[in-house]
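According to full-length UniProt numbering, the sequence shown holds residues 1 to 239 in order.
Here's the structure, in structure tokens; my notes come after.
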Amino acid sequence: MTGIRDSYQSDLRRVDEILLQMCDLAEQSARGATAALVGTDVARAEQVIDLDRGMDMLHQGLENRLLRIMARWAPVAGDLRSLLAALRVGADLARMGGLARHVAELVRRRYPRCVAPGASRDLVREMGEVAVAQTAMTRDLLETQDVGLVGRMAAVDDRMDSLHRKLLATLIDPDWPHGVEPAVDLTLLGRFYERFGDHTVTIAHQVHFIVLGSLPEPRPRESIESPVMYRPVRQPVER
Numbered sequence: 001m002t003g004i005r006d007s008y009q010s011d012l013r014r015v016d017e018i019l020l021q022m023c024d025l026a027e028q029s030a031r032g033a034t035a036a037l038v039g040t041d042v043a044r045a046e047q048v049i050d051l052d053r054g055m056d057m058l059h060q061g062l063e064n065r066l067l068r069i070m071a072r073w074a075p076v077a078g079d080l081r082s083l084l085a086a087l088r089v090g091a092d093l094a095r096m097g098g099l100a101r102h103v104a105e106l107v108r109r110r111y112p113r114c115v116a117p118g119a120s121r122d123l124v125r126e127m128g129e130v131a132v133a134q135t136a137m138t139r140d141l142l143e144t145q146d147v148g149l150v151g152r153m154a155a156v157d158d159r160m161d162s163l164h165r166k167l168l169a170t171l172i173d174p175d176w177p178h179g180v181e182p183a184v185d186l187t188l189l190g191r192f193y194e195r196f197g198d199h200t201v202t203i204a205h206q207v208h209f210i211v212l213g214s215l216p217e218p219r220p221r222e223s224i225e226s227p228v229m230y231r232p233v234r235q236p237v238e239r
């Protein structure tokens, strides 16, 4: 009986390991996509596109493993709640990788023109920095299951939303000097980063559900004008 329980626990640990691997890839993708965007670096953009292929493979493996665990062990109560939440977290992480890939593909499509001309470059650079910080917080949350991070993650996402609004305001300004095509590209970029941040909040809610059995109370959304800094508790991942 002990051996069966050990095998089951080993399966659960492997699920956690895959989610952390996916989170690391999402962070690398956000960092790389932003660097490619700001530096008009098509080689870096190609690297991000390759990372997303790895993300898709991990996601497929995660889903297959979760289905096997549920079929083999028929988990109930807290274990079943954790496995169902892991399905959703995996899907959110995979989508984050896909959004970073969309940024990279736009860089590649417009090369050698910079997708973010003029003052818009600083805005998208900051959105990328916030996205990286959000992913670092997500990894720490998955690793520690410290629900105290959930509120902080929502606050950081407020910063992303604020930057998104500033970017849109820049694009509709009558004095916007860069034409229609860059405005359309930047509208897409802003949406990619804003959705990236939303997925981290969704993951935070799922972890809250795993730990406490309920979703967090809705909180009023605020515009945060000062930069949000976050230092992950883990050691930096070697790139």
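Don't be surprised by glycine CBs; every beta carbon is placed ideally from N, CA and C.
For the set Asp52, Leu84, Gly78, the Cα lying nearest the Cα of Glu63 is the one of Leu84. Between Ile49 and Tyr193, the alpha-carbon positions lie close to 16 Å from each other. Of the candidates Ala169, Ala30, Ser29, Ala169 places its Cα closest to the Cα of Ala119. DSSP places Leu215 in no alpha helix (DSSP H); its state is neither H nor E.
If you draw a 10 Å sphere on the C-beta of Thr144, you find fewer than 16 other C-beta atoms in it, and that means exposed. By the Cβ-count criterion, Val180 is exposed, with fewer than 16 other Cβ atoms from all chains shown falling within 10 Å of its own Cβ. Closest in alpha carbon position to Gly54, among Ala36, Ala74, Arg95, is Arg95.
Taking 9 Å as the cut-off, the beta carbon of Val207 is found closer than this to the beta carbon of Val89. When Trp176, Met160, Thr135 are compared, the shortest CA-CA separation from Ala204 is found for Thr135. Listed in chain order, the alpha helix (DSSP H) elements of length 4 or more contained wholly in the UniProt domain "PhoU" (19 to 107) are 42 to 73.
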